[in-house]
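Student: In this note's numbering, the protein residues as written are 171 to 426.
Can you read through this structure? Questions will come right after.
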Amino acid sequence: CKHHPTMLSPNHSSIKYSQIASINEYLSRNNIKPLYANLVYHLTLYQPNDPVEFLIQHLKVLREGGMDALLSSAEGLPTLKRPKVIFLIDSIFSKQSLLGRQLALKYKFYYMQLDALIEKEIYSDSDLGKELDDVRRENKWLNDRKLEKSHKMQLLSKELQLNEDHEDFIVDGFPGTLGEALWFEQDICEPRFVIFVNERREQHPDVSDDDWKQCQSHIMYLKEYYAGRNKWVEIDGERDGRSIDEVMRDIDEVLV
171 CKHHPTMLSP
181 NHSSIKYSQI
191 ASINEYLSRN
201 NIKPLYANLV
211 YHLTLYQPND
221 PVEFLIQHLK
231 VLREGGMDAL
241 LSSAEGLPTL
251 KRPKVIFLID
261 SIFSKQSLLG
271 RQLALKYKFY
281 YMQLDALIEK
291 EIYSDSDLGK
301 ELDDVRRENK
311 WLNDRKLEKS
321 HKMQLLSKEL
331 QLNEDHEDFI
341 VDGFPGTLGE
351 ALWFEQDICE
361 PRFVIFVNER
371 REQHPDVSDD
381 DWKQCQSHIM
391 YLKEYYAGRN
401 KWVEIDGERD
411 GRSIDEVMRD
421 IDEVLV
């Protein structure tokens with residue numbers, strides 16, 4: 171029996187930047203995106219009690235109909251409204267709440283921050299909120315760094331849908347990894363920009379050297395990916411006497 175590596179295999183647990191081009195080519199060559207859109211659409215349309223069995227049966231139907239049937243059915247799916255999103259991150263992926271809120275107010279963006287969304291969802295008493303509350307009880311506390319990637323996507327997607335009357339959004343402190351960024355692009359949309367507020371090591375004395383190095387590694391991959399697509403905007407943060415107003419003026423030059 172031939173062994174096929176699974177997504178949980180240790181040698182296949184992360185996506186490297188060098189693999190992105192071949193991954194995108196694979197997705198395009200095999201029509202994965204219309205297949206994914208078809209499956210998600212029918213899941214949300216019928217909302218089956220057993221989604222796994224439903225998907226198995228639906229895939230059988232698609233297999234019998236062939237790829238032409240898939241593509242023709244995908245063309246008939248409703249077009250989802252694609253929001254315009256800006257990511258705002260800094261050197262340790264903390265929340266630039268004051269800067270983010272000022273940007274949102276000035277440019278009429280809808281402001282989103284995962285920690286606030288976690289609390290909002292828990293107090294809503296939804297099924298997802300109960301799951302998050304259970305995680306919080308197990309860990310004594312919960313913020314977005316302790317959150318599973320799938321939970322992050324659910325929170326962000328739900329908030330975007332609830333506020334679909336807005337066209338522009340700013341997501342503060344996200345993404346924390348290239349994997350999260352790629353997942354967001356696949357499930358929701360590509361960002362207009364990624365605004366990176368560059369800060370010095372000495373501005374974060376409470377952050378351990380290991381955590382700092384890990385953050386810089388994630389930033390390196392994000393910068394390489396988004397700079398190559400002309401979406402990376404790097405701004406000096408509040409350092410060397412710079413005020414938040416000066417930081418805002420630098421961002422203005424990009425957004426105006």
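Cβ atoms here follow ideal geometry from the backbone N, Cα and C, with glycine treated the same way.
So the candidates are ARG371, MET323, LYS383 and GLU301; which of them puts its Cα closest to the Cα of GLN356?
Tutor: MET323
Student: Leaving out five residues before and five after LEU302 in sequence, what residues of the same chain have Cβ atoms less than 7 Å from its Cβ?
Tutor: ILE288, GLU291, ILE292, LEU312 and HIS321
Student: Got a sec: does the ligand MN put a non-hydrogen atom nearer than 8 Å to the Cβ of ASP422?
Tutor: The ligand MN is not among the ligands present in this structure, which contains no ligands whatsoever.
Student: Within 10 angstroms of the Cβ of MET282, are there 16 or more other Cβ atoms? Answer buried if so, exposed if not.
Tutor: With at least 16 other beta carbons inside 10 angstroms of its own, MET282 counts as buried.
Student: With 9 Å set as the bound, which would you pick, yes or no: does the beta-carbon of GLY398 sit closer than that to a beta-carbon of chain C?
Tutor: You won't find chain C in this structure, because it holds only one protein chain.
Student: Which runs of the alpha helix (DSSP H) fall wholly inside the region 323 to 380 and span at least 4 residues, in chain order?
Tutor: Within the region 323 to 380, the runs of alpha helix (DSSP H) that reach at least 4 residues and sit entirely inside it are, in chain order, 348 to 357.
Student: Ends of the alpha helix (DSSP H) at GLN217?
Tutor: No alpha helix (DSSP H) contains GLN217, which DSSP labels as neither H nor E.
Student: Kindly identify the DSSP beta-bridge partner or partners of TYR280.
Tutor: In the DSSP assignment, TYR280 forms a beta bridge with PHE339.
Student: Contact between the region 367 to 375 and the region 252 to 262: three or more CB pairs below 8 Å?
Tutor: yes
Student: Roughly how many angstroms lie between the CA atoms of LEU397 and VAL403, to the nearest whole one?
Tutor: For the sequence presented, residue 397 should be read as Ala rather than Leu. About 8 Å.
Student: Among ASP380, GLN386, LEU348 and HIS228, which one has its Cα closest to the Cα of LYS319?
Tutor: LEU348
Student: Beta-carbon separation of ILE256 and ARG362 under 9 Å?
Tutor: yes
Student: Quick one: what's GLU402 bridged to in DSSP?
Tutor: It is Trp, not Glu, that sits at residue 402 in the sequence shown. The partner list for TRP402 (beta bridge, DSSP) reads VAL364.
Student: Report yes if the CB atom of HIS284 is closer than 9 Å to the CB atom of PHE344, and no otherwise.
Tutor: The residue asked about is misnamed: residue 284 is Leu in this sequence, not His. Judged by their CB atoms, LEU284 and PHE344 are nearer to each other than the 9 Å cut-off.
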